[in-house]
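Peer 1:
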Amino acid sequence: MRVVSGIQPTGKPHLGNYLGAIVNYVKLQDEAHANGGQCFIFLADLHAISQPHDPAELTQNTREMVATLVACGVDPAKTVLFNQAQVPAHAELQWLLNGTARMGWLNRMTQWKDKAGKNREGQSVALFTYPVLQAADVLLYQATHVPVGEDQKQHLELARDIAQKFNNDFCAEDAPLFTLPEPYIPPAAARIMSLRDGTAKMSKSDPSEMSRISLTDDADTIMKKIKKAKTDAEPLPSEEKDLEPRAEARNLVGIYGALTGKSAQEVLDEHGGQGFGVFKPALGEVLVETLAPINARFLDLKDDQEALDAILARGAARAREQGLPTLDATYNAMGLVRG
Ligand code: TYM
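When we follow the numbering used here, the leftmost residue of the sequence shown carries the number 285, and every step to the right adds one.
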């Protein structure tokens, strides 16, 4: 079992990142550690430069993201925790895979279409080729399990297509080079929605802070954001199917369930019939209970720049070593002479 996943160090990580991905980094890290597998979690700083960014902010966000991941339970003793910029093999393998990826495949990526909108000509080349770097990230370590939220599923399918085409084009049938990675998506929290609009994904790039719970929000802020979360005026139903047309209510019930390990129906068995004046404080309490210890650990870690940089440097050294055999094999399979 080889677990690989990445998170962009842009802005503060939020509840969607946590429930959609980080919880599973920790779960799969522990499984891999117990079974003699290996887990790689990295900060996708090379992906972060695909959009306009402030260099000083990127540096600070990178360190804060390490502190947050460790505060959430990613353990550098069990997981290879690093940032892409210290492992040149990611960018090298991307270049090699650019020869295999097709323009048409990238043109179909919904994230590219959403982010570029009508202004494709004005986007960076990096935003377009972003999914090839993502494929390199996972194929470099022969990932079997890739814990991600629903929004990354299409990028993972592309990684499989690239791997398959490369194996077909350059490898003997009985000796494929790349393992086809499987996305590992949580059933209940695959897509946590904005607190201001139940049809939009909770996102770091939403201009409204009220749209998301940051993992480093304190208890008062969490309570305030949940109380102000958009809802309709009806009480919660007692049957899950009646949540279907109520996007905001469905999202809050989903969050409650993901935090407590309950299905939406089990949450409604307990809270059905309650108005939001009762349900929201209950949800706020569960959130504070989950996030308070994370927040405390984050505050302890975040200013120790030396310790955070040491975690990344150690992780990067291990990642460089572990990625090398696949990188070498890729150059060889393509017939490139390297002395
Ligand atoms: P990023 O930084 O946008 O998000 C990190 C992880 O959080 C998940 N996520 C969500 N899950 C549920 N609900 C939401 N509202 C929500 N918002 C974000 C994302 O699915 C992701 O798992 N391209 C990736 C980073 C990346 C990567 C990789 C991931 C680079 N290389 C290789 C996996 C494997 C990204 O921008 O994630």
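Glycine residues also receive a C-beta, built at the ideal position from the N, C-alpha and C atoms.
The structure displayed is predicted, hence computed values, not measured ones.
If distances are taken between C-alpha atoms only, which option among Val350, Arg404, Leu342 and Gln418 comes closest to Ala373?
Peer 2: Here residue 373 corresponds to residue number 89 of the sequence shown, with the count starting at 1. Comparing Cα-Cα distances from Ala373 to each of Val350, Arg404, Leu342 and Gln418, the minimum goes to Gln418.
Peer 1: Kindly examine the ligand TYM and report whether one of its heavy atoms sits closer than 7 Å to the Cβ of Ala474.
Peer 2: Walking along the sequence shown from the start, residue 474 turns up at place 190. For the ligand TYM, at least one heavy atom lies less than 7 Å from the Cβ of Ala474.
Peer 1: For the beta strand (DSSP E) that Glu247 lies in, which residues bound it at each end?
Peer 2: Because the chain spans 285 through 623 in this model, residue 247 falls outside it and cannot be assessed.
Peer 1: First and last residue of the alpha helix (DSSP H) that includes Phe366?
Peer 2: Here residue 366 refers to the residue found at position 82 of the sequence shown. Per DSSP, Phe366 is not a residue of any alpha helix (DSSP H); the beta strand (DSSP E) it occupies stretches across Thr363 to Asn367.
Peer 1: Among Ala484, Ala472 and Leu327, which one has its Cα closest to the Cα of Thr544?
Peer 2: For the purposes of this step, residue 544 is identified with residue 260 of the sequence shown, where counting begins at 1. The candidate whose alpha carbon is nearest that of Thr544 is Ala472.
Peer 1: Any heavy atom of the ligand TYM inside 7 Å of the beta-carbon of Ser487?
Peer 2: As a working mapping, residue 487 is identified with position 203 in the sequence shown. Yes - the ligand TYM has a heavy atom lying nearer than 7 Å to the Cβ of Ser487.
Peer 1: Helix or strand or just coil, what does DSSP make of Lys397?
Peer 2: Looking up residue 397 in the sequence shown gives position 113. Secondary structure of Lys397 (DSSP, three-state): helix.
Peer 1: Distance check for Ala542 and Thr428, CA to CA, integer angstroms please.
Peer 2: For the purposes of this step, residue 428 is taken as the residue at position 144 of the sequence shown. For the purposes of this step, residue 542 is taken as the residue at position 258 of the sequence shown. Cα-Cα distance, rounded: 24 Å.
Peer 1: Grab me the residues of Ile497's own chain with a C-beta within less than 7 Å of its C-beta, minus the 5 sequence neighbours each way, in chain order.
Peer 2: Residue numbering aside, residue 497 sits at position 213 when the sequence shown is read from its first letter. Result list for Ile497: His298, Leu299, Ile506, Lys509 and Leu571, in chain order.
Peer 1: At the level of alpha carbons, what is the spacing between Leu575 and Gly568?
Peer 2: In the sequence shown, counting from the first residue as 1, residue 575 sits at position 291. In the sequence shown, counting from the first residue as 1, residue 568 sits at position 284. Rounded to the nearest angstrom, the two C-alpha atoms are 10 Å apart.
Peer 1: Taking only runs of the alpha helix (DSSP H) that begin and end inside the region 321 to 370, which ones reach a length of at least 4 residues, in chain order?
Peer 2: For the region 321 to 370, whole alpha helix (DSSP H) runs of length 4 or above, ordered along the chain, are 329 to 332 and 339 to 356.
Peer 1: Where does Met618 land, buried or exposed, given buried means 16+ other C-beta within 10 angstroms?
Peer 2: For this step, residue 618 is matched to residue 334 along the sequence shown. That one is exposed.
Peer 1: Would the C-beta of Leu499 count as close to the ligand TYM, meaning under 7 Å from any of its heavy atoms?
Peer 2: Counted from its first residue, the sequence shown places residue 499 at position 215. No, the beta carbon of Leu499 sits no closer than 7 Å to any heavy atom of the ligand TYM.
Peer 1: Does the distance from the C-beta atom of Lys586 to that of Glu348 stay below 8 Å?
Peer 2: On the sequence shown, residue 586 is found 302 positions in, with the first residue counted as 1. On the sequence shown, residue 348 is found 64 positions in, with the first residue counted as 1. In this structure, Glu348 lies closer than 8 Å to Lys586 by Cβ.
Peer 1: Between Met393, Pro577 and Ala601, which lies nearest to Leu442 when the distance is taken from Cα to Cα?
Peer 2: Locating residue 442 in the sequence shown gives position 158, counting from the first residue. It is Met393.
Peer 1: Is the closest heavy atom of the ligand TYM to the C-beta of Leu377 under 7 Å?
Peer 2: In the sequence shown, the residue the question calls residue 377 occupies position 93. Answer for Leu377: no, Cβ out of range of the ligand TYM.
Peer 1: Please state whether the Cβ-Cβ distance between Val358 and Ile333 is less than 8 Å.
Peer 2: Taking the first residue of the sequence shown as 1, we reach residue 358 at position 74. Taking the first residue of the sequence shown as 1, we reach residue 333 at position 49. Result no, Cβ atoms of Val358 and Ile333 do not sit closer than 8 Å.
Peer 1: Who are Gly290's beta bridge partners in DSSP?
Peer 2: Your numbering for residue 290 matches position 6 in the sequence shown. Gly290 is bridged to Phe326.
Peer 1: Check each candidate in Ile446, Gln436 and Val310 and name the one with the smallest Cα separation from Leu423.
Peer 2: The residue you call residue 423 lines up with position 139 of the sequence shown. When each option's Cα is compared against that of Leu423, the closest is Ile446.
Peer 1: Name the two residues that bound the continuous alpha helix (DSSP H) containing Pro415.
Peer 2: For this step, residue 415 is matched to residue 131 along the sequence shown. Per DSSP, Pro415 belongs to the alpha helix (DSSP H) from Val409 to Leu423.
Peer 1: In terms of residue numbering, what span does the beta strand (DSSP E) encompassing Pro297 cover?
Peer 2: Position 13 of the sequence shown, counted from the start, is the residue given in the question as residue 297. From DSSP, Pro297 is part of no beta strand (DSSP E); its letter is neither H nor E.
Peer 1: Flag this pair as touching only if the region 459 to 479 and the region 313 to 331 have three or more C-beta atom pairs under 8 Å; answer yes or no.
Peer 2: no
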